[in-house]
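Going line by line, the protein sequences match chains G and H. Under this note's numbering, the first residue of the first sequence carries the number 85, and numbering increases by one thereafter. Under this note's numbering, the first residue of the second sequence carries the number 18, and numbering increases by one thereafter. C-beta atoms are modelled at their ideal positions from N, C-alpha and C, and glycine is treated no differently.
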Amino acid sequence: QVQLQESGPGLVKPSQTLSLTCTVSGASISSDDYHWSWIRQYPGKGLEWIGAIHYNGWTYYNPSLKSRVTISVDTSKNQFSLNVNSVTAADTAVYSCARGGERGYSYWGQGMLVTVSS
Amino acid sequence: DIQMTQSPSSLSASVGDRVTITCRATQGIRNDLGWYQQKPGKAPKRLIYAASSLQNGVPSRFSGSGSGTEFTLTISSLQPEDFASYYCLQYNSFPRTFGQGTKVEIK
């Protein structure tokens with residue numbers, strides 16, 4: 085059974101960097117068939133796609149966030165990570181990781197609330 | 018970027034009602050569209066992929082249709098466990114984009 089689990093600080097100060105890690109179990113992150121994404125959801129609102137990475141290093145970021153976002157992968161740990169720099173209160177959201185393939189997103193993490201506040 | 022316009026944003030319905038939700042893409046996406054159900058505090062659950070293919074384990078009262086730019090999710094007979102939010106997702110191109118969501122509430 086494929087499982088994804090987000091981890092990281094739940095509280096980040098304004099202007100600092102939000103850093104989260106997604107640990108994948110039950111599947112290898114080094115699969116040619118899948119990419120690995122971060123998606124966020126504002127409280128009570130819709131879903132925003134942040135970006136994606138393939139184990140070979142390919143990345144794609146949402147143009148609206150591209151200047152502040154970096155996604156990286158650690159195949160030895162079967163993990164991928166998200167960094168969002170210069171955060172503001174507008175970055176407060178539930179952050180989720182998910183596995184993407186030719187049929188969209190089949191497996192998601194449970195999501196993690198990150199609050200930006202001093 | 019491909020924008021997905023989903024309607025309605027919310028609806029009230031009774032158990033047993035037929036419910037239809039629509040997504041429209043700003044450009045053709047073939048059938049590269051999925052529908053997701055989300056309940057409070059939970060991750061989205063995929064119901065439909067490839068516009069009309071039912072995910073394993075999903076009840077047959079859920080169905081999807083459409084191709085190109087117009088897509089529909091239909092719940093043929095609404096059940097108590099179906100009260101939730103629903104989202105469409107296009108995966109034809111990057112960046113992936115979601116519809117704004119439809120909240121299905123009890124009338």
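Please check the pair residue i and residue j, which I expect to be a contact at CB under 8 angstroms, by giving their CB distance rounded to whole angstroms.
i	j	result
ILE113 (chain G)	ASN162 (chain G)	5 angstroms
GLN107 (chain H)	ALA42 (chain H)	6 angstroms
GLY196 (chain H)	TYR104 (chain H)	Residue 196 (chain H) is absent from the model: chain H starts at 18 and stops at 124.
GLY128 (chain G)	THR199 (chain G)	About 14 angstroms; that fails the 8 angstroms criterion.
ASP18 (chain H)	THR89 (chain H)	23 angstroms between Cβ atoms; not a contact.
PRO112 (chain H)	TRP133 (chain G)	5 angstroms
SER109 (chain G)	GLN87 (chain G)	5 angstroms
GLY130 (chain G)	MET196 (chain G)	Rounded, the Cβ-Cβ distance is 18 angstroms, inconsistent with contact.
VAL168 (chain G)	ASP158 (chain G)	Contact doesn't hold; Cβ gap of about 18 angstroms is too wide.
Nearest to residue i by alpha carbon, out of the options?
i	options	result
THR91 (chain H)	H:SER29, H:ASN109 and H:SER80	H:SER80
THR172 (chain G)	G:GLY135, G:HIS138 and G:SER201	G:SER201
CYS135 (chain G)	H:LYS124, H:THR119 and H:SER110	Note on residue identity: the sequence assigns Gly, not Cys, to residue 135 (chain G). Checked all of H:LYS124, H:THR119 and H:SER110; the closest Cα to GLY135 (chain G) is H:SER110.
GLY188 (chain G)	H:SER93, H:ALA68, H:ILE123 and H:LYS124	H:ALA68
SER24 (chain H)	H:THR119, H:ILE123 and H:LYS124	H:THR119
PHE164 (chain G)	G:ARG183, G:LEU131, G:SER148 and G:GLU132	G:ARG183
ALA111 (chain G)	G:ALA177, G:GLN85 and G:GLY193	G:GLN85
VAL121 (chain H)	H:TYR66, H:LEU50, H:SER94 and H:ARG113	H:SER94
THR101 (chain G)	G:ARG152, G:GLU186, G:SER148 and G:ASN140	G:ARG152
HIS119 (chain G)	G:MET196, G:CYS181, G:LEU197 and G:GLY195	G:CYS181
THR107 (chain G)	G:GLU90, G:TRP192 and G:ILE137	G:GLU90
ASP116 (chain G)	G:PRO98, G:GLU186 and G:SER170	G:GLU186
MET21 (chain H)	H:VAL36, H:GLY45 and H:GLY33	H:GLY45
HIS138 (chain G)	G:ASN146, G:LEU149, G:ILE155 and G:PRO147	G:ILE155
GLN54 (chain H)	H:GLU87, H:GLY83, H:PRO76 and H:GLY33	H:PRO76
Q) In chain order, what residues of the stretch 55-70 of chain H put their CB closer than 9 angstroms to some CB of chain G? A) GLN55, GLY58, LYS59, ALA60, PRO61, LYS62, ARG63, TYR66, ALA67 and SER70
(Q) Which complete beta strand (DSSP E) runs does the stretch 36-94 of chain H hold, if anything under 3 residues is left out? (A) 36-42, 50-55, 62-66, 79-84 and 87-92
Q: Within the stretch 118-195 of chain G, note down every full alpha helix (DSSP H) run reaching 4 residues or more, in order along the chain.
A: none
Q | Residues within the stretch 67-96 of chain H neighbouring chain G, beta-carbon criterion of under 9 angstroms | A | ALA67, SER70 and GLN72
Q) Using Cβ-Cβ distances below 7 angstroms, what residues of the stretch 100-113 of chain H are close to chain G? A) The residues in question are TYR104, LEU106, TYR108, PHE111, PRO112 and ARG113.
Q) Which residues, in chain order, does the stretch 24-46 of chain H contribute to contact with chain G at a C-beta distance below 8 angstroms? A) none
Q. Quick one, which residues of the stretch 97-112 of chain G are near chain H if we go by CB-CB under 9 angstroms, in chain order?
A. From the stretch 97-112 of chain G, no residue has a Cβ closer than 9 angstroms to chain H.
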